[in-house]
Amino acid sequence: MTNVGRPTWYSARGSKHQGGINYVPSKQVSAQDVIVQPELKKRKVDQLITREMLENTNKKQEELKPKKIEYKESSDKQKIKEEEIKEEEIKEEIKEEIESEDTEEALKKEYEEMEEEEFENSSDSQQYFSDGLVQRKWYDDVVFKNQAKEPPKQAKYINDTLRNEYHQHFMDKFIK
Numbered sequence: 001m002t003n004v005g006r007p008t009w010y011s012a013r014g015s016k017h018q019g020g021i022n023y024v025p026s027k028q029v030s031a032q033d034v035i036v037q038p039e040l041k042k043r044k045v046d047q048l049i050t051r052e053m054l055e056n057t058n059k060k061q062e063e064l065k066p067k068k069i070e071y072k073e074s075s076d077k078q079k080i081k082e083e084e085i086k087e088e089e090i091k092e093e094i095k096e097e098i099e100s101e102d103t104e105e106a107l108k109k110e111y112e113e114m115e116e117e118e119f120e121n122s123s124d125s126q127q128y129f130s131d132g133l134v135q136r137k138w139y140d141d142v143v144f145k146n147q148a149k150e151p152p153k154q155a156k157y158i159n160d161t162l163r164n165e166y167h168q169h170f171m172d173k174f175i176k
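Residue numbers (UniProt numbering): 1 to 176.
In structure tokens, the structure reads:
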């Protein structure tokens, strides 16, 4: 809600007839100018913290401390047991790795031999080793080879924002 149509609090200042000389400040105050809380709020007597209350809270905290320490001790024991179990597992894995290294080397050799045999038997190796030349496929001698390929477009500068290449590409991509 605006204050556009409302009269001003202070009358117009100017000549005698407009109230310029007869202007007297009034005691009326705008609702927007009124101080909402003239005094700061103060704590009530019930809200004040006393020494007794502080002592009670300190006692409660001291009672809770030993329980936390006991809980931590039990968790420390569990951590030690878990660490021992992990160490045993690591030792077992190391033993297994040492035993498996011999078998891995043998498997690698067998795999390499199989790859060599497959390459010798494959059609790719026959293409390279038959005459020393790469054999052509049956569809390489086609008369109209690469017919679908279009030559690259040469960029043309057009001094028109609606007909230039960027605008055409934009319209094709986003509008159509």
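Glycine included, C-beta positions come from ideal geometry on N, C-alpha and C.
As the structure is a prediction and not an experimental result, all values here were calculated from the model.
Residue range 165-170 is occupied by the alpha helix (DSSP H) that includes TYR166. Within the stretch 82-159, the complete alpha helix (DSSP H) segments of 4 residues or longer fall at 123-129, listed in chain order. In terms of Cβ geometry, HIS167 and THR161 form a close pair [threshold 8 Å].
For LEU54, the secondary structure class from DSSP, reduced to helix, strand or coil, is helix.
When the Cα atoms are used, GLU115 and GLU88 turn out to be separated by approximately 40 Å.
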